[in-house]
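Novice:
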Amino acid sequence: MVNDRNEFNVISNSEIEKILRITSAAKQAAMEEKPKSDATSLDETERSIISYCQRQVQLANDVVYNQFAVFKKLMTKATMAVSKIENLKFIHETFKDKYQYDIGKSVQEANIIKNELDLAKKDLYSFKQDNKIVRQEQSSTKPLLNWAIVFAIVFSESILNASFFAKGSELGLLGGIIQAFVIVMINVLVANLVVLIIRRRNIITISSIEKVGYTILSAILVGTLACFHFLVGHYRDALRIDFDNAYAFSVLNFTANPFVLIDFESYILVLMGFLFFIVLVIDLYKLKDPYPGYAEIQHKYDKIKTQYEDLNFMLLDEENEISTQINKKIDLMKEEVHAVYEEIQGLQIAKQQLENKYLEHIAYIKSLAISTVESYRSMNTDMRTTPKPKYFGTPIEFNYTAVEFIYMDDREKIVSLETAINHLPALELEAKRNIEKIKKDLKASSYGEIA
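Residue numbers (the numbering used here): 136 to 586.
#1: Leaving out the 5 sequence neighbours to the left and right, which residues in its chain are closer than 8 angstroms to A174 when beta-carbon positions are compared?
#2: What's the gap between the Cα of G408 and the Cα of I338?
#3: Classify P278 as helix, strand or coil using the three-state DSSP reduction.
#4: Spatial neighbours of L446 within its chain, please: CB distance less than 8 angstroms, with the 5 preceding and 5 following residues excluded, ordered by chain position.
#5: For F286 and chain C, any beta-carbon pair shorter than 7 angstroms?
#6: Among residues of its own chain, excluding the 5 on either side of Y436, which ones have a beta-carbon nearer than 7 angstroms to its beta-carbon?
#7: Using 10 angstroms around the beta-carbon of T180, count the other beta-carbons present and answer buried if the total reaches 16, otherwise exposed.
#8: Starting from the Cα of F363, find the closest Cα among Y535, S401, A283 and give me that residue.
#9: According to DSSP, is F409 helix, strand or coil?
#10: Starting from the N-terminal side, write out each stretch of the beta strand (DSSP E) that is 3 residues or longer and does not extend beyond the stretch 419 to 456.
#11: Could you please give the first and the last residue of the uninterrupted alpha helix (DSSP H) stretch that includes G481?
#12: Which residues in the same chain as K162 place their Cβ atom closer than 8 angstroms to its Cβ, once the five residues preceding and following it in sequence are excluded?
#13: Report yes or no: do the stretch 454 to 468 and the stretch 179 to 193 share at least 3 C-beta pairs separated by less than 8 angstroms?
#14: Using C-beta distances below 7 angstroms, list every residue in its chain close to W282, excluding the 5 sequence neighbours before and after it, in chain order.
#15: Could you tell me whether the Cβ atoms of H496 and A204 are closer together than 7 angstroms?
#16: Excluding sequence positions up to five away, which residues of its chain have a Cβ less than 6 angstroms from the Cβ of V508?
#17: Please identify the residue among A315, E272, S510 whose C-alpha is closest to the C-alpha of V289.
#18: Q433 and E251 - do their beta-carbons sit closer together than 7 angstroms?
#19: Roughly how many whole angstroms lie between the Cα atoms of F365 and L331?
#20: Report the rounded CA-to-CA distance for Y476 versus A555, giving the unit in angstroms.
#21: Go ahead and pull the three-state DSSP assignment for I333.
#22: Kindly indicate which residue of R190, A165, F225 has the alpha-carbon position closest to the one of T536.
#23: The alpha helix (DSSP H) with K153 in it runs from where to where?
#24: What did DSSP end up calling V217 once you bin it into helix, strand or coil?
#25: Going by beta-carbon coordinates alone, are I238 and A566 separated by less than 7 angstroms?
#26: Can you give me the start and stop residues for the alpha helix (DSSP H) that L177 sits inside?
#27: According to DSSP, is S291 helix, strand or coil?
#28: For I573, which three-state DSSP category applies?
#29: Sorted by chain position, which residues of the same chain lie with C-beta nearer than 8 angstroms to E471's C-beta, five sequence neighbours on each side aside?
#30: Relative to the C-alpha of L406, which residue among N491, A361, D424, N380 is closest?
#31: Put N557 into one of helix, strand or coil per three-state DSSP.
#32: Going by C-alpha to C-alpha distance, which of S551, N557, Y511 sits closest to L177?
#33: Excluding the five sequence neighbours on either side, which residues of its own chain have a C-beta within less than 6 angstroms of the C-beta of F118, listed in chain order?
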C-alpha cells in the first residue's frame, strides 16, 4: 500500500561528495588552517553536511506524512463505513418520512374515497335488503352493443320505411325518410315506455292491484302501437291513391277495416315496424337490470370501488418504488462498506513495511552523515600543517526528528469495522422488518383495504 511514487530518495557518498564538494572544501580549509586547532565547534563544511542530511531526513518524513494522509483517508472511510452501518438502525425512519411525504396526499384522497365507498356500500346493502334482492345485478355486460342495436334498428327501419313511403310520396325518397323517421321515433318512444312500465311492475313494494294496472297499461301501449302501425299501413295505401287526401283516407279506411290493407307491401311495413318494436323492447330491457334503481346504485358502488382500487394500486406502486429506493440504498451501502474493508485489509502490513523502510532509510542517512563528516575530518587532518582540533576526536552527533508510527488507533478502527460488518446482516434484517411494520402501521392508520 506504500505509494511507489513516494519512495525514499537514497543519496550515495559520491553524490553528497559531488553536491557539497567535500574534497575541495577539506583542501581549502587545510590551506587556511581551518578549523583552528583550539576550535570546539563544527566548521562550516561539517555543518553543511549535517544540515544536508537533516534535510534528507525531513524529506523522508514528508514521504511518511504523505503516506499517513493516505492511511488517514482510509481510516476516515472506515469510520464512515461504521457510521453507515450504524445508520441502518434508523433507515426505517427515513422510509417513514419519505412514505408520509410522497404518499401523504394520495392517502388523504384514498381516505375520502374510502368514506364514499363505505357509504355507497351501505346504500347498496340497504337497497338490496329493503327490496329483498339476493341475486347479482344483471345489467348488460356490453351496453355499447345494446345501444348499437338500437341505432341499427333506427337506421334500418328508417331506410326500410322510407323506401315504402317514397313510392307514394311526391317528395320521393326525402319525403319518405322524413315520414319514416317520425314513425321510428314513435316506435322507440313507446318501446321505452313499455320497458319502464315493466320494470316498475317488478318493484316488490307495490300492491297486486298496481301490478295488474301496469300490466294493463303495457298491453294498452302495445295494442295502441299495433293500431298505429296499421294506421301507418293505411296511410301508405292512401298515398298511392290520393296524395293530397292521404291522411283523411287513411283514418276512414282504418275506422272501417282497421286490419285490412290494400297493398301487400303495406302489410310488410306493419309487420316490420312491429318486429322492430319487439326487438327494441327486448334490447332496452336487457340494457339495465330489470329491478328499478338496482343498476344505478350498483354502478355507483362499482365506480367508486374501481376508483378506490386504482388509487390503492397507485399507492402500492409508489410504496414499492420507495421500498426499491431504500433497498438500493442499503445495497449500495453494503458494496461501499465491503469495498472499504477490502481496501484496508493490508493497512497494518503496509504501515509496518513503511516503518521498516523509513527506519532503514533514517539509519542510512545518519550513517551517511557521520561517515561523510569523518571523511572530511580525515582529509582535513592529512592536508593541514597545524594540529587538528581536539573535537575531531569526539563522536559525531546527528540530531533529527523522527516520525512516530502509531498502530493502536488504526487497529481499533479496523476491529470496529469488522465488528460492524459482522453485525450487518442482522441490522439489515431488522431494518427490513421495521420497514414492513411501518408499512402495516401506516396503512392501518391511514387507509384500509376494500371489504
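No residue lacks a Cβ here, since even glycine has one placed at the ideal position from N, Cα and C.
Specialist: By the coordinates alone:
#1: Residue numbering aside, residue 174 sits at position 39 when the sequence shown is read from its first letter. P524, Y526, listed in sequence order.
#2: Position 273 of the sequence shown, counted from the first residue, corresponds to residue 408. Position 203 of the sequence shown, counted from the first residue, corresponds to residue 338. Each residue's alpha carbon lies about 30 angstroms from the other.
#3: Taking the first residue of the sequence shown as 1, we reach residue 278 at position 143. In the structure shown, P278 sits in a helix (DSSP, three-state: H, G or I).
#4: As a position in the sequence shown, residue 446 is number 311, starting the count at 1. Result list for L446: S241, E244, A245, I248, in chain order.
#5: The chain inventory of the structure shown lacks chain C, comprising one protein chain alone.
#6: In the sequence shown, the residue the question calls residue 436 occupies position 301. Within the same chain, Y436 has close Cβ partners A255, K256, L259.
#7: Your numbering for residue 180 matches position 45 in the sequence shown. That one is buried.
#8: For the purposes of this step, residue 363 is taken as residue 228 along the sequence shown, with counting starting at 1. Comparing Cα-Cα distances from F363 to each of Y535, S401, A283, the minimum goes to S401.
#9: Within the sequence shown, the letter at position 274 stands for residue 409. The answer is helix: DSSP assigns F409 an H, G or I state.
#10: none
#11: As a working note, residue 481 is residue 346 in the sequence shown. Under the DSSP assignment, G481 falls outside any alpha helix (DSSP H); it carries neither an H nor an E label.
#12: Residue numbering aside, residue 162 sits at position 27 when the sequence shown is read from its first letter. If we look at K162 and ignore the five residues flanking it on each side, its Cβ neighbours are M514, M518.
#13: no
#14: As a working mapping, residue 282 is identified with position 147 in the sequence shown. Around W282: no qualifying Cβ.
#15: Walking along the sequence shown from the start, residue 496 turns up at place 361. Walking along the sequence shown from the start, residue 204 turns up at place 69. Contact: no.
#16: Numbered from its first residue, the sequence shown carries residue 508 at position 373. Once the five neighbours on either side are set aside, the close Cβ partners of V508 are E181, I184, I531.
#17: For this step, residue 289 is matched to residue 154 along the sequence shown. Checking every option, the nearest Cα to that of V289 belongs to A315.
#18: The residue given as residue 251 occupies position 116 in the sequence shown. The residue given as residue 433 occupies position 298 in the sequence shown. Cβ distance not < 7 angstroms, so E251 and Q433 don't count as in contact.
#19: For this step, residue 365 is matched to residue 230 along the sequence shown. For this step, residue 331 is matched to residue 196 along the sequence shown. Cα-Cα distance, rounded: 24 angstroms.
#20: Locating residue 476 in the sequence shown gives position 341, where the first residue counts as 1. Locating residue 555 in the sequence shown gives position 420, where the first residue counts as 1. Looking at the two C-alpha atoms, the distance is approximately 11 angstroms.
#21: Residue 333 sits at position 198 when you count from the first residue of the sequence shown. Here I333 sits in helix by DSSP.
#22: For the purposes of this step, residue 536 is taken as the residue at position 401 of the sequence shown. Looking at the Cα atoms, R190 is the closest of the given residues.
#23: For the purposes of this step, residue 153 is taken as residue 18 along the sequence shown, with counting starting at 1. Residues 148 to 155.
#24: Numbered from 1 along the sequence shown, position 82 holds the residue referred to as residue 217. Helix at V217.
#25: Indexing the sequence shown from 1 puts residue 238 at position 103. Indexing the sequence shown from 1 puts residue 566 at position 431. No, Cβ-Cβ distance for I238 and A566 is not below 7 angstroms.
#26: Position 42 of the sequence shown, counting from 1, holds the residue named residue 177. L177 -> no alpha helix (DSSP H), and no H or E assigned at all.
#27: Reading the sequence shown from its first residue, position 156 is the one you call residue 291. In this structure, S291 counts as helix in the three-state DSSP scheme.
#28: Here residue 573 refers to the residue found at position 438 of the sequence shown. If DSSP states are grouped into helix, strand and coil, I573 belongs with the helices.
#29: As a working note, residue 471 is residue 336 in the sequence shown. The answer, listed in chain order, is A216, K219.
#30: Residue numbering aside, residue 406 sits at position 271 when the sequence shown is read from its first letter. Among N491, A361, D424, N380, the Cα nearest to that of L406 is on A361.
#31: Counted from its first residue, the sequence shown places residue 557 at position 422. Of the three classes helix, strand and coil, the one that applies to N557 here is helix, per DSSP.
#32: On the sequence shown, position 42 is the one that residue 177 refers to. Nearest of S551, N557, Y511 to L177, Cα basis: Y511.
#33: The question about residue 118 has no answer, for the chain in this structure spans 136 to 586.
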